[in-house]
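Worksheet: the structure to be examined is printed underneath.
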Amino acid sequence: MTTRLDPPVGPYDHVLGPPDAELTLVEYGDYECPYCRDAAIVIDDVRARLGDRLRFVFRQFPLHEVHPHAIAAALAAEMAGIEGRFWEMHDAMFTPGPPHLTQDDLRAHASSVGVRPERVVWPATQIVEDRVEAGFNAAVRTGVRGTPTLFVNGERYEGDVTVDALLDALESQARSA
Numbered sequence: 001m002t003t004r005l006d007p008p009v010g011p012y013d014h015v016l017g018p019p020d021a022e023l024t025l026v027e028y029g030d031y032e033c034p035y036c037r038d039a040a041i042v043i044d045d046v047r048a049r050l051g052d053r054l055r056f057v058f059r060q061f062p063l064h065e066v067h068p069h070a071i072a073a074a075l076a077a078e079m080a081g082i083e084g085r086f087w088e089m090h091d092a093m094f095t096p097g098p099p100h101l102t103q104d105d106l107r108a109h110a111s112s113v114g115v116r117p118e119r120v121v122w123p124a125t126q127i128v129e130d131r132v133e134a135g136f137n138a139a140v141r142t143g144v145r146g147t148p149t150l151f152v153n154g155e156r157y158e159g160d161v162t163v164d165a166l167l168d169a170l171e172s173q174a175r176s177a
């Protein structure tokens, strides 16, 4: 198992923050995972505190064997991304509380973020299936086995997913760079 992010952040990633930010946080996540839902709140706080010093990347890692709606949610997010609404859809699916990820829920999320509802469900989502599968397979080759899996400046993060712990890890990377 590698501790380095592979592949590195590139043009096909979903990125928030400046491309030349001194700090990078990458999450492999699953919209149905309760730990990812908790991590989303933490990461939002970390992003707010670090501002333009941080770029945040979200990569799909749907754990379909334990989360029956995970693949459909990942595909819906990618379809929203094609229309320039990835982050809006991402945030809609990570709203606090239990996940709402049925086909009807995905249509409602899409509508709320300005994407035509029929674009985020099958058969329209077939065009992004290869992207999600390729990303999942790349993550497995990197050693990702669960969610959320985080990388701080390209190194696997093994600490607690709390605001203070993530800020410490990011600042430590900044000092050692």
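All letters in the sequence shown, in the order written, are residues 1 to 177 by the UniProt record's numbering.
We put the CB at the ideal spot given by N, CA and C, even for glycine.
Nothing here was measured: the structure is a model prediction, and the numbers come from that model.
- Under the three-state reduction of DSSP, E22 is assigned to coil, being neither helix nor strand.
- DSSP places Q103 in the uninterrupted alpha helix (DSSP H) bounded by 103-112.
- Distance from the CA atom of G146 to the CA atom of D168, rounded to whole angstroms, is 23 angstroms.
- Counting along the chain, Q60 sits inside no alpha helix (DSSP H); it lies in the beta strand (DSSP E) bounded by residues 54-60.
- The residue among P96, T95, V120, D91 with its C-alpha nearest the C-alpha of D104 is V120.
- Here the C-alpha atom of D44 lies approximately 13 angstroms from the C-alpha atom of A92.
- The three-state secondary structure of E133, taken from DSSP, is helix.
- When the Cα atoms are used, P99 and E32 turn out to be separated by approximately 6 angstroms.
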